[in-house]
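Written below as structure tokens is the structure these notes are about.
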Amino acid sequence: MSTDRFGFELESEQASYSFCIPHNKLRKRESKWLKMFDKWDYYMSKKSDLIRVRCQKGIPYSLRGKAWRYLTHSYILEEQHPGLFNDLVRQADKIANPNDLSAIIKDLHRTFPANETFADEKGRDELRRVLSALAAYKPEHGYCQAMSPIVATLLMHMPAESAFWVMVRILEDYLPGYFSDGLFSLQVDCEIFGMLLPSFAPRLAAHMKSIGAVPSVILLEWFMCLFCRTLPFSCALRVIDIFMYEGPIALMKAALSLSILKMGSSYDKYSTVNEFYPAMRELSPEITHESVLIPYMFSLKVKQKQIERLHLVSEERIKQEQAATAKRRSEYKQRQAEHNLLSVSSEGSRGSTPSPTIRLSNE
1 MSTDRFGFEL
11 ESEQASYSFC
21 IPHNKLRKRE
31 SKWLKMFDKW
41 DYYMSKKSDL
51 IRVRCQKGIP
61 YSLRGKAWRY
71 LTHSYILEEQ
81 HPGLFNDLVR
91 QADKIANPND
101 LSAIIKDLHR
111 TFPANETFAD
121 EKGRDELRRV
131 LSALAAYKPE
141 HGYCQAMSPI
151 VATLLMHMPA
161 ESAFWVMVRI
171 LEDYLPGYFS
181 DGLFSLQVDC
191 EIFGMLLPSF
201 APRLAAHMKS
211 IGAVPSVILL
221 EWFMCLFCRT
231 LPFSCALRVI
241 DIFMYEGPIA
251 LMKAALSLSI
261 LKMGSSYDKY
271 STVNEFYPAM
281 RELSPEITHE
291 SVLIPYMFSL
301 KVKQKQIERL
311 HLVSEERIKQ
321 EQAATAKRRS
331 EYKQRQAEHN
341 LLSVSSEGSR
351 GSTPSPTIRL
361 SNE
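This is the structure we're talking about:
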């Protein structure tokens with residue numbers, strides 16, 4: 001079967017449309033990135049805006065893996081901890097939660113099944129090794145299904161050990177709390193999206209509120225998978241390029257852009273959530289092509305300080321809500337325990353009371 005340049009079957013959801021950069025332009029971009037790699041610390045400290053602009057234009061495919069390692073500084077961790085990845089792979093059965101390891105095995109065949117890299121045993125085994133090492137790296141955090149497509153994307157650009165360390169940086173520094181129990185940080189970002197949307201699409205935001213549409217229903221997969229399961233792969237890579245430099249704000253811009261481009265002024269066609277949610281998942285090439293989505297992302301004036309301010313507000317509200325929920329659960333459990341105690345006491349009292357003697361009358 002025919003595949004695109006990333007190895008996806010042309011009929012698959014991730015298949016990319018033809019979008020080729022002229023050869024001479026690509027060579028120039030590669031040359032510029034190679035120059036930055038040679039003096040990376042200098043560029044990061046003195047010319048970081050230049051790196052940002054070049055990430056926005058798209059990192060050349062041949063250098064994307066190295067660029068992601070440099071942007072996340074994961075190469076430093078890799079140098080500081082030689083051999084740790086292989087040790088974790090070998091000891092995963094002893095360290096990681098057995099349930100996580102079982103879930104990883106089940107997810108291998110579900111991860112990019114239409115991609116030639118993971119259609120054979122070798123590609124799936126590399127994916128297993130990285131995911132198992134992650135599950136063993138911090139067993140208290142374990143494994144989440146959304147990790148798999150991200151790691152698979154990394155493996156298409158770099159060796160397994162490098163993919164492991166980039167993912168560690170994503171989990172610990174870019175998206176902390178996204179994949180742990182409760183998905184706290186993810187909840188916060190979904191709420192921030194809801195706070196931002198009225199500024200860019202007030203009518204869409206009002207319509208969603210009127211029909212009871214909750215942003216998190218759509219955003220969970222978008223954010224957790226870095227759009228790898230949502231966009232054509234070439235466009236998802238462009239979003240990830242920007243994410244590696246800007247962090248989560250890039251995901252917010254992409255989500256806002258997709259929502260506005262998708263709905264436009266047609267949102268009122270969907271009068272219930274049962275109509276709205278499926279429509280939001282059906283994204284046409286007219287809005288997911290990188291030549292459309294990426295420029296639109298940069299037309300939205302979303303500021304980091306604005307995100308940070310909203311983050312504090314949302315974080316505090318969710319913490320209060322969780323505390324109130326925990327209190328209600330605790331009170332409910334206490335009432336149940338008291339009820340059970342009373343029931344046992346009542347049963348015991350009845351059991352200790354002598355049965356009345358029944359006398360048969362001779363009359």
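If you count the sequence shown from 1, position 204 lands on 204 in the UniProt record's numbering, and the numbers rise without skipping.
Don't be surprised by glycine CBs; every beta carbon is placed ideally from N, CA and C.
- request: Would you decide whether residue 185 is buried or exposed? Buried here means 16 or more other CB atoms lie within 10 Å of its CB.
  value: By the neighbour-count criterion, in which a residue is buried when 16 or more other Cβ atoms sit within 10 angstroms of its Cβ, residue 185 is buried.
query: Which residues mark the beginning and the end of the alpha helix (DSSP H) in which residue 225 is found?
result: Here residue 225 belongs to no alpha helix (DSSP H), and DSSP marks it neither H nor E.
query: Under a Cβ-count criterion, where at least 16 other Cβ atoms within 10 Å of its own Cβ denotes burial, should residue 153 be classed as buried or exposed?
result: By the 10 Å Cβ count, residue 153 comes out buried.
- prompt: Going by DSSP, which residues form a beta bridge with residue 24?
  reply: Bridge pairing for residue 24: absent [DSSP].
Beta bridge counterpart(s) of residue 3 as assigned by DSSP: According to DSSP, residue pairing for residue 3 in a beta bridge involves 9.
query: To the nearest angstrom, how far is it from the Cα of residue 95 to the Cα of residue 136?
result: When rounded, the distance between both Cα atoms is 5 Å.
Residue 12 versus 189, 64, 112, 299, residue with shortest Cα-Cα distance: Distances from the alpha-carbon of residue 12 to those of 189, 64, 112, 299 put 112 closest.
message: Distance check for residue 163 and residue 81, CA to CA, integer angstroms please.
response: Note on geometry: alpha-carbon atoms of residue 81 and residue 163 lie some 14 Å from one another.
- prompt: Would you call residue 121 buried or exposed, if buried means 16 or more other Cβ atoms sit within 10 Å of its Cβ?
  reply: Around the CB of residue 121, fewer than 16 other CB atoms lie within 10 Å, so the residue is classed as exposed.
message: Please list the terminal residues of the continuous alpha helix (DSSP H) segment that includes residue 167.
response: Where residue 167 is concerned, the enclosing alpha helix (DSSP H) starts and stops at 160–169.
query: Are at least three pairs of beta-carbons, each pair with one atom in the stretch 242–257 and one in the stretch 205–223, less than 8 Å apart?
result: These segments touch.
message: Closest to residue 238 by C-alpha separation, out of 44, 182, 282, 60, would be which residue?
response: A check of alpha carbon separations from residue 238 across 44, 182, 282, 60 identifies 60 as the nearest.
query: Cα separation between residue 173 and residue 3?
result: C-alpha separation (whole angstroms): 35 Å.
Between the CA atoms of residue 226 and residue 303 - distance to the nearest angstrom: If I take the Cα positions, the gap works out to 20 Å.
- request: Ignoring anything shorter than 4 residues or poking outside the stretch 64–101, list the alpha helix (DSSP H) runs there in chain order.
  value: DSSP runs (the alpha helix (DSSP H)) wholly in the stretch 64–101: 64–72, 74–80, 84–95.
message: With distance defined between alpha-carbon atoms, name the residue in 177, 124, 143, 176 nearest to residue 160.
response: Nearest to residue 160 by alpha-carbon distance, out of 177, 124, 143, 176, is 124.
- request: Examine chain B for any beta-carbon lying closer than 7 Å to the beta-carbon of residue 280, and answer yes or no.
  value: Considering every chain present, this structure includes no chain B. It has just one protein chain.
task: Give the secondary structure of residue 48 by DSSP, where H, G and I count as helix, E and B as strand, and everything else as coil.
output: The answer is helix: DSSP assigns residue 48 an H, G or I state.
task: Can you say whether residue 361 is buried or exposed, counting buried as having 16 or more other CB atoms within 10 angstroms of its CB?
output: Only weak support exists for where residue 361 lies, its pLDDT of 45 falling under 50; the value from the coordinates is given anyway. Answer is exposed; the Cβ neighbour count stays below 16.
message: Does the stretch 258–265 come into contact with the stretch 201–217, if we say contact requires no fewer than three beta-carbon pairs (one atom in each stretch) closer than 8 Å?
response: Yes: at least three Cβ pairs fall under 8 Å.
- prompt: Nearest to residue 71 by alpha carbon, out of 84, 45, 91, 88?
  reply: Here the closest residue by C-alpha is 45.
- request: For residue 317, count neighbouring Cβ atoms within 10 angstroms of its own Cβ and tell me buried if that reaches 16, exposed if not.
  value: So residue 317 ends up on the exposed side.
task: Buried or exposed for residue 148, please, with buried defined as at least 16 other CB atoms from any protein chain shown within 10 angstroms of its CB.
output: Counting Cβ neighbours within 10 Å, residue 148 comes out buried, since at least 16 surround it.
- prompt: Roughly how many whole angstroms lie between the Cα atoms of residue 51 and residue 43?
  reply: Approximately 7 Å, taken between the alpha carbons.
message: What does DSSP give as the partner residue(s) for residue 115 in the beta ladder?
response: For residue 115, which the question treats as bridged, DSSP gives the partners 8.
- prompt: When burial is assigned at 16 or more other CB atoms within 10 Å of the CB, is residue 10 buried or exposed?
  reply: Residue 10 comes out exposed.
- prompt: Cα separation between residue 128 and residue 342?
  reply: If I take the Cα positions, the gap works out to 52 Å.
query: Do you know offhand how far residue 182's Cα is from residue 118's?
result: Going by the C-alpha atoms only, they are around 30 Å apart.
- prompt: Which term fits residue 14, buried or exposed, when burial requires 16 or more other beta carbons within 10 angstroms of its beta carbon?
  reply: Result: buried.
message: Does residue 59 come out as helix, strand or coil in the three-state DSSP assignment?
response: Correct three-state label for residue 59: coil.
message: If you follow the alpha helix (DSSP H) that residue 125 is in, where does it begin and where does it stop?
response: Taken as a continuous stretch (DSSP letters only), the alpha helix (DSSP H) holding residue 125 covers 121–137.
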